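Residue numbers (the UniProt record's numbering): 1 to 316. The C-beta atom is built at its ideal place from N, Cα and C for all residues, glycine as well. This structure is a prediction, so every number in the text was calculated from the model and none was measured.
Printed below as a string of structure tokens:
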């Protein structure tokens with residue numbers, strides 16, 4: 001029963017993230033550099049209310065009192081803010097397919113970060129997957145006629161965010177983490193709104209009708225809910241299972257960009273995406289083999305890191 005609930009929560013979380021392009025496309029009339037600060041501030045309000053209702057301020061204060069933990073959260077918050085900003089810019093500039101590419105290659109980028117930063121060793125299949133994905137990115141760059149900056153920026157900010165969050169306590173739950181991160185990110189969001197107000201003489205949040213204003217103010221809640229669903233699913237499922245489910249998000253983003261927003265997909269771009277998909281299939285094969293190796297690990301021995309533990313933490 002618990003595992004079934006885990007699948008429900010996990011799939012619901014990734015479905016929510018997969019629907020984010022549709023949600024933020026509705027805010028296309030708002031400057032993306034204004035939309036993200038509002039997203040941060042409204043998420044902070046939601047988190048503060050939730051933490052207050054649940055009487056869960058103690059873990060938040062523990063992080064704020066720890067210089068080491070707070071330092072890691074500052075870095076995580078900067079990466080989170082950058083990721084959110086890049087994603088919203090990608091959506092409102094009709095580059096949803098490029099955002100999908102970014103989240104498809106994210107697990108492979110995370111592996112690469114593990115090699116460079118944490119000196120982790122890769123299996124032969126993982127090296128093959130990274131190589132094929134690299135070819136796919138090069139082909140995509142040629143197809144786009146420009147460097148796929150949004151795709152790679154999303155993948156690397158996501159990957160480094162995951163690496164930084166690994167340095168924080170494994171016991172920091174999603175609500176506590178998001179509360180601290182949005183507290184810190186508000187130090188960027190508020191000045192950003194002030195600069196926009198000074199330069200433009202107004203804020204677009206209140207100039208496009210009540211529907212747009214409501215959607216913008218709810219963006220914080222929309223951000224927090226899938227995180228909480230993810231946390232609930234993550235507690236009930238093995239990381240390897242969450243590793244499989246995570247591909248729901250970029251698949252939905254790809255379908256949204258192609259079938260709903262009719263973004264162009266010339267042959268070269270199809271080939272680029274296909275190369276990345278082949279790389280992911282290789283990675284999933286490695287995941288299955290890794291899980292089997294873990295199951296055969298003798299009692300008391302340290303199990304090897306499985307591919308399923310890669311990049312299941314959300315950032316969207």
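Of the residues the options, the one placed nearest residue i, counting alpha carbons only
i           : options               : result
residue 94  : 106, 271, 237 and 265 : 265
residue 184 : 2, 14 and 72          : 72
residue 126 : 293, 279, 291 and 292 : 279
residue 254 : 66, 90 and 199        : 90
residue 179 : 85, 4, 39 and 204     : 39
residue 190 : 158, 142 and 35       : 35
residue 218 : 12, 43 and 2          : 43
residue 55  : 150, 176, 4 and 87    : 176
residue 174 : 121, 130, 96 and 47   : 47
residue 215 : 26, 21 and 6          : 26
residue 213 : 4, 87, 24 and 6       : 24
residue 143 : 115, 149 and 268      : 268
residue 286 : 3, 88 and 129         : 129
residue 262 : 292, 59, 96 and 4     : 96
residue 182 : 4, 41, 7 and 22       : 41
residue 274 : 120, 284 and 132      : 132
residue 110 : 288, 259 and 162      : 162
residue 4   : 241, 85 and 221       : 241
residue 291 : 107, 119, 316 and 243 : 243
residue 186 : 11, 12 and 45         : 45
residue 168 : 66, 277 and 245       : 66
residue 316 : 6, 7 and 20           : 20
residue 220 : 117, 63 and 84        : 84
Short CB-CB distance (under 8 Å) between residue i and chain B
i           : result
residue 137 : Any reference to chain B falls outside this structure, which holds one protein chain only.
Collapsed DSSP secondary structure at residue i in the structure displayed
i           : result
residue 246 : coil
residue 257 : helix
residue 317 : Here the chain covers residues 1 to 316 and nothing more, so residue 317 does not appear.
residue 262 : coil
residue 289 : helix
residue 156 : helix
residue 3   : helix
residue 284 : helix
residue 308 : Any reading at residue 308 is ruled out, since the residue's pLDDT is 47, under 50, leaving its predicted position unreliable.
residue 252 : helix
residue 316 : coil
residue 166 : coil
CB-CB length for residue i against residue j, believed under 8 Å
i           : j           : result
residue 140 : residue 257 : With 8 Å as the limit, residue 140 and residue 257 do not qualify as a contact, their Cβ atoms being about 13 Å apart.
residue 9   : residue 229 : 5 Å
residue 75  : residue 164 : 5 Å
residue 60  : residue 51  : 6 Å
residue 283 : residue 108 : 7 Å
residue 113 : residue 160 : 6 Å
residue 81  : residue 188 : 6 Å
Quiz item: Which parts of the UniProt domain "EamA" (5-140) are runs of the alpha helix (DSSP H), unbroken and 4 residues or longer, counting only runs that do not cross its ends?
Solution: 20-25, 32-53, 57-65, 67-92 and 96-117
Quiz item: On the three-pair Cβ rule with 8 Å, is the stretch 228-242 touching the stretch 19-32?
Solution: no
Exercise. Specify whether the stretch 99-106 and the stretch 244-259 touch according to this definition: at least 3 beta carbon pairs, one from each stretch, less than 8 Å apart.
Key: yes
Quiz prompt | In chain order, each alpha helix (DSSP H) run of at least 4 residues that lies wholly inside the stretch 172-236 | solution = 174-200 and 209-236
Exercise. Would you check if the stretch 194-202 and the stretch 145-159 touch, i.e. whether three or more CB-CB distances between them fall below 8 Å?
Key: no
Quiz prompt | the stretch 10-20 in contact with the stretch 222-232 per 3-pair CB rule at 8 Å | solution = yes
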